[in-house]
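Engineer:
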Amino acid sequence: MPSSIASSLIEQHNAPLRETLERDYATLGEKLDRRGVSIDAVTRQVAAFDVAVPSWGVGTGGTRFARFPGPGEPRGIFEKLDDCAVIHDLGRATPAVSLHIPWDKADPADLKAKAAALGLSFDAMNSNTFQDHPDDISQPLSYKFGSLSHTDAAVRRQAVEHNLETVAIGEAIGSKALTVWIGDGSNFAGQSDLGRTFERYLGAMKEITRGLPADWRIFSEHKMYEPAFYSTVVQDWGTSYLTAVELGDKAFCLVDLGHHAPNVNIEQIVSRLVRTGKLGGFHFNDSKYGDDDLDAGTIDPFRLFLVFNELVEAGARLDALQPSYMIDQSHNVTDPIESLIRSANEIRRAYAQALLVDRAALHGHQETNDAMMASETLKAGFRLDVEPILAKARLEAGGAIDPIGAFRASGYRAKVAGERPAVKGSGGGIV
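To convert, take the position in the sequence shown, counting from 1, and add 473; that gives the working numbering.
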């Protein structure tokens, strides 16, 4: 398989780290063996867990106030795929890419060929009706006052057709799902009729759902605020669930970890959506104050662990749903490739820790209402240092023991900075 990072470089970087990893892995293995847990079995489960990277994530993000471009930013989807391949070459956890249309619009045959050459595939497609597209002749009308819920039927028709075009591109490149997030809403009380707005949204979503291929799914993604600050049409998981129920068997809810009110119990939402059979997938990120789109696991790793605890607890019910796992982040001050490598690893870390929770003991303490021991049993999994498992999974798949260190040693960023024209700074606008 052609690689953006030479396998010889990865092997060279791994060489001095192998012995320490083997010792650490053996030590952790002995500890787990005393609990009746096979470390190799857990490592195989972790190695089988993949998460998709967002095409837009390899570019430098921004805020409403400014964007500070980084060196070697990709100029289009094919250079984005090159960067995504580097992330997978080193971390071996991200074989699929989630595309965003029209940002990533290109000939599907060229997209498939490029992905195949890099050993990548495509995950859920993402449509874009939350901003205007003056250079896209198929979207001449403005979304300033909404898209799928707009009062003007012509704007709604344009938004529906854009989503169907996104589906057509996705079908041609092997995707099986469409994620729909809209920025529709209002900034002032009385600006919109809350009931009629939602009805228009549902009507448009039904049209899109009717246009899906037989084996496709559609994900309704909620967001509490931004750019609408008084009312958002799909503002919470309850509205997303109502939408999925209304749309039928192909419709599911997507949970973005940043799209909730402060202090919301996200793991409980996950449990409810599993219970109702409507959990479609995740956009992983982290936040401190709001919808910050920070690297997964960097602010509240315990919350990420609690989400995975519910997923592991769901067992066969989760297997039947086959949720999509995707990252959705904005990298404003770090190298996007490094942030995405780290995020994929932190997501796997939370999964590994959840796998190591003593479920029999946990259930027993829950049934006897022993709050302290139930909490201690859960936290025992979280406290475990599972890095040897994560590194072993990467190593055995041909990746790097220290992927960020290997990336820096590769000189890839300097190389592409010399090949790709520098981008000037700009005003506000998150990419």
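Every residue, glycine too, gets a C-beta built ideally from N, C-alpha and C.
In its own chain, which residues sit with a C-beta less than 7 Å from the C-beta of K888, not counting the 5 before and 5 after it?
Structural biologist: In the sequence shown, residue 888 corresponds to position 415, counting from 1. Beyond the five residues adjoining it in sequence on each side, K888 comes within less than 7 Å, by CB distance, of no other residue in the same chain.
Engineer: Between which two residues does the beta strand (DSSP E) carrying V728 extend?
Structural biologist: As a position in the sequence shown, residue 728 is number 255, starting the count at 1. Its beta strand (DSSP E) spans residues A724 to D729.
Engineer: Measure the C-alpha to C-alpha separation of S744 and K751 and round it to an integer number of angstroms.
Structural biologist: Locating residue 744 in the sequence shown gives position 271, where the first residue counts as 1. Locating residue 751 in the sequence shown gives position 278, where the first residue counts as 1. One C-alpha to the other measures close to 10 Å.
Engineer: Pull up the DSSP beta-bridge partners for H838, would you.
Structural biologist: Locating residue 838 in the sequence shown gives position 365, where the first residue counts as 1. Answer by DSSP bridge pairing: none, since H838 is not bridged.
Engineer: Just to confirm, is the Cβ distance from L591 to L554 under 9 Å?
Structural biologist: Counting from 1 along the sequence shown, the entry for residue 591 is found at position 118. Counting from 1 along the sequence shown, the entry for residue 554 is found at position 81. Cβ distance < 9 Å, so L591 and L554 count as in contact.
Engineer: Roughly how many angstroms lie between the CA atoms of P861 and P489, to the nearest whole one?
Structural biologist: Taking the sequence shown and counting its residues from 1, one reaches residue 861 at position 388. Taking the sequence shown and counting its residues from 1, one reaches residue 489 at position 16. For P861 and P489, the distance between alpha carbons rounds to 15 Å.
Engineer: Say whether chain D places a C-beta atom closer than 9 Å to the C-beta of D513.
Structural biologist: Although the question refers to chain D, the structure presented lacks it and comprises just one protein chain.
Engineer: Would you list the one or two residues that DSSP bridges to V531?
Structural biologist: Against the sequence shown, residue 531 aligns to sequence position 58. In DSSP, V531 forms no bridge with anything.
Engineer: Provide the residue span of the alpha helix (DSSP H) that contains A590, from first to last.
Structural biologist: As a working note, residue 590 is residue 117 in the sequence shown. Here the alpha helix (DSSP H) through A590 covers P581 to L591.
Engineer: In or out: T493 buried (at least 16 other Cβ within 10 Å) or exposed?
Structural biologist: Numbered from its first residue, the sequence shown carries residue 493 at position 20. Label assigned to T493: exposed.
Engineer: Assuming T682 and I691 make a contact with CB atoms under 8 Å, what is their CB distance in whole Å?
Structural biologist: By one-based count along the sequence shown, residue 682 stands at place 209. By one-based count along the sequence shown, residue 691 stands at place 218. With a Cβ gap of about 6 Å, T682 and I691 count as contacting.
Engineer: Mind checking who L752 pairs with in its DSSP beta bridge?
Structural biologist: Counting from one through the sequence shown, the residue named residue 752 turns up at place 279. Paired residue(s): C726.
Engineer: Taking all protein chains shown into account, decide if S481 is buried (16 or more other Cβ within 10 angstroms of its Cβ) or exposed.
Structural biologist: Along the sequence shown, one-based indexing puts residue 481 at 8. When all chains shown are included, S481 counts as exposed.
Engineer: For L828 and G854, what's the separation of their Cα atoms in angstroms?
Structural biologist: Reading the sequence shown from its first residue, position 355 is the one you call residue 828. Reading the sequence shown from its first residue, position 381 is the one you call residue 854. One C-alpha to the other measures close to 8 Å.
Engineer: Out of F775, V780, V707 and R669, point me to the one whose CA is closest to A626's CA.
Structural biologist: In the sequence shown, counting from the first residue as 1, residue 626 sits at position 153. By alpha-carbon distance to A626, the top candidate from F775, V780, V707 and R669 is R669.
Engineer: Indicate whether L784 and Y824 have their beta-carbon atoms separated by less than 9 Å.
Structural biologist: The residue labelled residue 784 in the question sits at position 311 within the sequence shown. The residue labelled residue 824 in the question sits at position 351 within the sequence shown. Closer than 9 Å, so yes.
Engineer: If you count every other CB in all the chains shown that lies within 10 Å of the CB of D580, and 16 or more means buried, which is it?
Structural biologist: Numbered from its first residue, the sequence shown carries residue 580 at position 107. Label assigned to D580: exposed.
Engineer: Hey, which unbroken runs of the alpha helix (DSSP H) at 4 residues or more fall wholly within the segment 584-653?
Structural biologist: 626-646
Engineer: Using alpha carbons as the reference points, say which of R629, P686 and D657 lies closest to V640.
Structural biologist: Locating residue 640 in the sequence shown gives position 167, where the first residue counts as 1. With distances taken between CA atoms, V640 lies nearest to P686 out of R629, P686 and D657.
Engineer: Measure the Cβ-Cβ separation of N758 and I814 and say whether it is below 9 Å.
Structural biologist: Residue 758 sits at position 285 when you count from the first residue of the sequence shown. Residue 814 sits at position 341 when you count from the first residue of the sequence shown. Cβ atoms of N758 and I814: not closer than 9 Å.
Engineer: Under 8 Å by Cβ, that's how I've got G754 and Y798 pegged, so tell me the actual separation to the nearest angstrom.
Structural biologist: Within the sequence shown, the letter at position 281 stands for residue 754. Within the sequence shown, the letter at position 325 stands for residue 798. Confirmed, Cβ separation roughly 6 Å.
Engineer: For T536, which of I810, V806 and I772 has the nearest alpha-carbon?
Structural biologist: Counting from one through the sequence shown, the residue named residue 536 turns up at place 63. The shortest C-alpha separation from T536 is found at V806.
Engineer: Between the Cα of K696 and the Cα atoms of F603, R748, A569 and P613, which residue gives the shortest distance?
Structural biologist: Position 223 of the sequence shown, counted from the first residue, corresponds to residue 696. Of the listed residues, the one whose Cα sits closest to K696 is F603.
Engineer: Report the residue from V510, S615 and A566 whose alpha carbon sits nearest the alpha carbon of A525.
Structural biologist: As a working mapping, residue 525 is identified with position 52 in the sequence shown. Closest option to A525, Cα to Cα, is A566.
Engineer: Could you check where the alpha helix (DSSP H) with F661 kicks off and where it finishes?
Structural biologist: One-based indexing of the sequence shown puts residue 661 at position 188. No alpha helix (DSSP H) contains F661, which DSSP labels as neither H nor E.
Engineer: Between the Cα of L863 and those of R508, E503, I483 and T516, spot the shortest distance and give me the residue it belongs to.
Structural biologist: Stepping through the sequence shown from its first residue, residue 863 is reached at position 390. If we check each option's Cα against that of L863, T516 comes out closest.
Engineer: Whole angstroms is fine: what's the gap from Y674's alpha carbon to L667's?
Structural biologist: Numbered from its first residue, the sequence shown carries residue 674 at position 201. Numbered from its first residue, the sequence shown carries residue 667 at position 194. Whole-angstrom Cα-Cα distance: 11 Å.
Engineer: Could you tell me the alpha carbon to alpha carbon distance between A479 and P547, rounded to whole angstroms?
Structural biologist: Working through the sequence shown from its first residue, we reach residue 479 at position 6. Working through the sequence shown from its first residue, we reach residue 547 at position 74. Per the coordinates, the alpha-carbon of A479 lies some 20 Å from the alpha-carbon of P547.
Engineer: Tell me whether F725 is buried or exposed, calling it buried when 16 or more other Cβ atoms sit within 10 Å of its Cβ.
Structural biologist: The residue you call residue 725 lines up with position 252 of the sequence shown. With 16 or more other Cβ atoms within 10 Å, it is buried.
Engineer: Among L593, K649, E694 and Y703, which residue has its Cα nearest to the Cα of A717?
Structural biologist: Here residue 717 refers to the residue found at position 244 of the sequence shown. The option with the nearest alpha carbon to A717 is E694.
Engineer: If I'm right that Y498 touches K865 with Cβ under 8 Å, what's the distance once you round it to whole angstroms?
Structural biologist: Locating residue 498 in the sequence shown gives position 25, counting from the first residue. Locating residue 865 in the sequence shown gives position 392, counting from the first residue. Indeed, because the Cβ distance is near 5 Å, the residues count as touching under 8 Å.
Engineer: Among residues of its own chain, excluding the 5 on either side of L505, which ones have a beta-carbon nearer than 8 Å to its beta-carbon?
Structural biologist: As a position in the sequence shown, residue 505 is number 32, starting the count at 1. Cβ neighbours of L505 beyond the five flanking positions: S511, I512, V515 and L829.
Engineer: Per DSSP, what kind of secondary structure is F880 in: helix, strand or coil?
Structural biologist: Start at 1 with the first residue of the sequence shown, and residue 880 comes out as number 407. Looking at F880 - three-state DSSP - the assignment turns out to be helix.
Engineer: Leaving out five residues before and five after G647 in sequence, what residues of the same chain have Cβ atoms less than 8 Å from its Cβ?
Structural biologist: If you number the sequence shown from 1, residue 647 lands on position 174. Correct list, in chain order: K585, S594 and F595.
Engineer: Taking the straight line between their C-alpha atoms, what separation do you get for R893 and R886?
Structural biologist: Counting from one through the sequence shown, the residue named residue 893 turns up at place 420. Counting from one through the sequence shown, the residue named residue 886 turns up at place 413. Each residue's Cα considered, the two are about 10 Å apart.
Engineer: In or out: N738 buried (at least 16 other Cβ within 10 Å) or exposed?
Structural biologist: The residue labelled residue 738 in the question sits at position 265 within the sequence shown. By the neighbour-count rule (16 or more Cβ atoms within 10 Å), N738 is not buried but exposed.
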